[in-house]
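This report refers to the structure that appears directly beneath it.
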Amino acid sequence: MNRALPVFFSLLLFAATAGAAASSGLKSGVFEPPRMAPDFSLRSTAGTDLQLSRYRGKLVILEFGYTSCPNVCPESLAMLAQARQKLGALASQVQVVFVTVDPERDTADLLRKYLAAFDSSFVGVTGTPAQMEKVRQDYGITATKEMVEGSKTNYAVHHSSYLYFVDRQGSLRGLMPFGRTADDIVHDARILLKK
């Protein structure tokens with residue numbers, strides 16, 4: 000029952016903000032009123048501790064996933080890479096941060112190698128299972144391990160998949176579900192970069 004609350008919260012938030020999205024011009028769900036994005040300090044792909052607040056002044060797009068994800072994560076990261084290309088000169092004002100939902104396997108080095116295949120500017124973060132659980136709770140992300148049939152050690156992680164848009168001041172502004180296009184990401188990024 001407890002695990003269902005973040006999903007319910009996210010769906011309720013998304014449904015409740017559909018009207019706000021239309022009036023704001025964004026294609027994603029809107030946090031209305033905007034609230035500060037929960038800060039975190041986690042191990043980055045550079046091997047140093049990284050705080051989300053370090054990126055104030057840039058638009059941050061948070062993606063939650065893991066390197067062994069078979070489809071949703073690579074599709075989403077490819078879409079983000081395509082969006083950065085379409086942003087042209089504005090791309091330097093956007094930082095993609097990939098937050099692992101599988102800290103047991105996703106080391107900083109593995110995240111760095113994985114993300115480099117999509118865009119070398121993408122930053123990944125990991126931490127202890129307890130740290131990552133807190134970040135997931137703060138953002139309403141669910142992540143459940145499921146053992147792969149016939150294996151005692153291999154597992155998949157079923158997780159919610161949203162892009163969180165954090166504006167230059169550190170406020171949560173948009174929540175975009177999986178399946179939107181690179182053009183949708185570019186559209187919202189351009190609007191939020193003007194604010």
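Counted the way numbering that gives the first Met the number 0 counts, the sequence shown spans residues 0 to 194.
For glycine and all other residues, C-beta sits at the position ideal for the given N, C-alpha and C.
Cβ-Cβ distance between residue i and residue j below 8 Å
i, j, result
"A129", "R42", "no"
"F30", "L171", "yes"
"V59", "V165", "yes"
"Y138", "P73", "no"
"L192", "M175", "no"
"R167", "R55", "yes"
"T44", "R111", "yes"
"Q81", "A181", "yes"
Counted within 10 angstroms of its Cβ, other Cβ atoms place residue i as buried (16 or more) or exposed
i, result
"E62", "buried"
"M146", "exposed"
"P32", "exposed"
"A88", "exposed"
"M35", "exposed"
Nearest-angstrom beta carbon gap, residue j and residue i [assumed within contact, 8 Å]
i, j, result
"K26", "D183", "5 Å"
"A77", "F117", "6 Å"
"V156", "A142", "5 Å"
"S160", "S75", "6 Å"
Below-8 Å beta-carbon distance, residue i vs any chain C residue
i, result
"K112", "As a matter of chain content, chain C is missing from the structure shown, which is built from one protein chain."
Nonlocal neighbours in the same chain, by C-beta distance under 8 Å from residue i, ignoring five residues either side
i, result
"D187", "L25, K26, S27, F164, G173, M175"
"D48", "S40, L41, R42"
"Y154", "K144, E145, M146, V147"
Spatial neighbours of residue i in its chain, beta-carbon cut-off 7 Å, leaving aside the 5 residues before and after
i, result
"V93", "K57, L58, I60, R83, L86, A188"
"G200", "Residue 200 lies beyond the stretch modelled for the chain, which goes from 0 to 194, so this question has no answer here."
"D105", "Y65, T66, T99, T125"
Exercise. Report yes or no: do the region 89-107 and the region 65-75 share at least 3 C-beta pairs separated by less than 8 Å?
Key: The region 89-107 makes contact with the region 65-75, as at least three CB pairs between them are under 8 Å.
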